[in-house]
Amino acid sequence: LRASNGGNLTRVDNVFCSQNLINRIIECNTHPDRTPAIADHFPIFTSIDIAINTGHFEPGQNFRMTDWEAFHESLAGKLATLAVGEVLSVDDFDDRLQKLETVVKEVMDELVPLAKECPFNKRWWTKDIGEQKKVMRRAARFSYQQCHNLHHACHEEYRQIRNDY
Numbered sequence: 138l139r140a141s142n143g144g145n146l147t148r149v150d151n152v153f154c155s156q157n158l159i160n161r162i163i164e165c166n167t168h169p170d171r172t173p174a175i176a177d178h179f180p181i182f183t184s185i186d187i188a189i190n191t192g193h194f195e196p197g198q199n200f201r202m203t204d205w206e207a208f209h210e211s212l213a214g215k216l217a218t219l220a221v222g223e224v225l226s227v228d229d230f231d232d233r234l235q236k237l238e239t240v241v242k243e244v245m246d247e248l249v250p251l252a253k254e255c256p257f258n259k260r261w262w263t264k265d266i267g268e269q270k271k272v273m274r275r276a277a278r279f280s281y282q283q284c285h286n287l288h289h290a291c292h293e294e295y296r297q298i299r300n301d302y
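In this note's numbering, the protein residues as written are 138 to 302.
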């Protein structure tokens, strides 16, 4: 702090932080050379290490992007090879259940795409919404091109497409 009456330097203002935060401070210094005009305080620059530990991403399966017709066809073809009939014992049941789970898992691994790693994924977004957006943007461009012609039918068509989107 620079005293206004004589220009003498006085003590720096106190800077407080918690005991947990003190180990994360990288730098805490005054920078008199960066003082703004007509200010009596020196800027205090504090650098704090606030790195966040991110977890490991296990890619899951993105069922929204699955081609369900191909999935059903493949699953039906593989299920046709499994034994059909009366279950005679607990061991027979466990064996059939294991084979069923294996077939379903194989089809899922084969036809269900993996999700991409992104913290900003729109989990509600689907292919259909993407197609609707393309149609809506196309109609918006055409409507804008016809902005001089207010009675053109494309303006009403664009409004309806936008409302449906």
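Note that beta-carbon positions come from the ideal geometry of N, C-alpha and C, so glycine has one too.
- Under the three-state reduction of DSSP output, ASN166 falls in the strand class.
- Contact check for VAL240 against LYS215 passes: the beta carbons are separated by less than 8 Å.
- Using a C-beta cut-off of 8 Å, the segment 293-301 makes contact with the segment 274-285, since at least three inter-stretch Cβ pairs fall below that distance.
- With 16 or more other Cβ atoms inside 10 Å of its own Cβ, VAL244 counts as buried.
- A distance below 8 Å separates the beta carbons of GLU254 and PHE194.
- When the Cα atoms are used, ASN300 and GLU268 turn out to be separated by approximately 15 Å.
- Taking ALA188 as reference, the option from GLU210, THR172, ARG201 and ILE162 with the minimal CA-CA separation is ILE162.
- Of the residues LYS236, ASP229 and ASP204, the one whose Cα lies closest to the Cα of LYS264 is ASP204.
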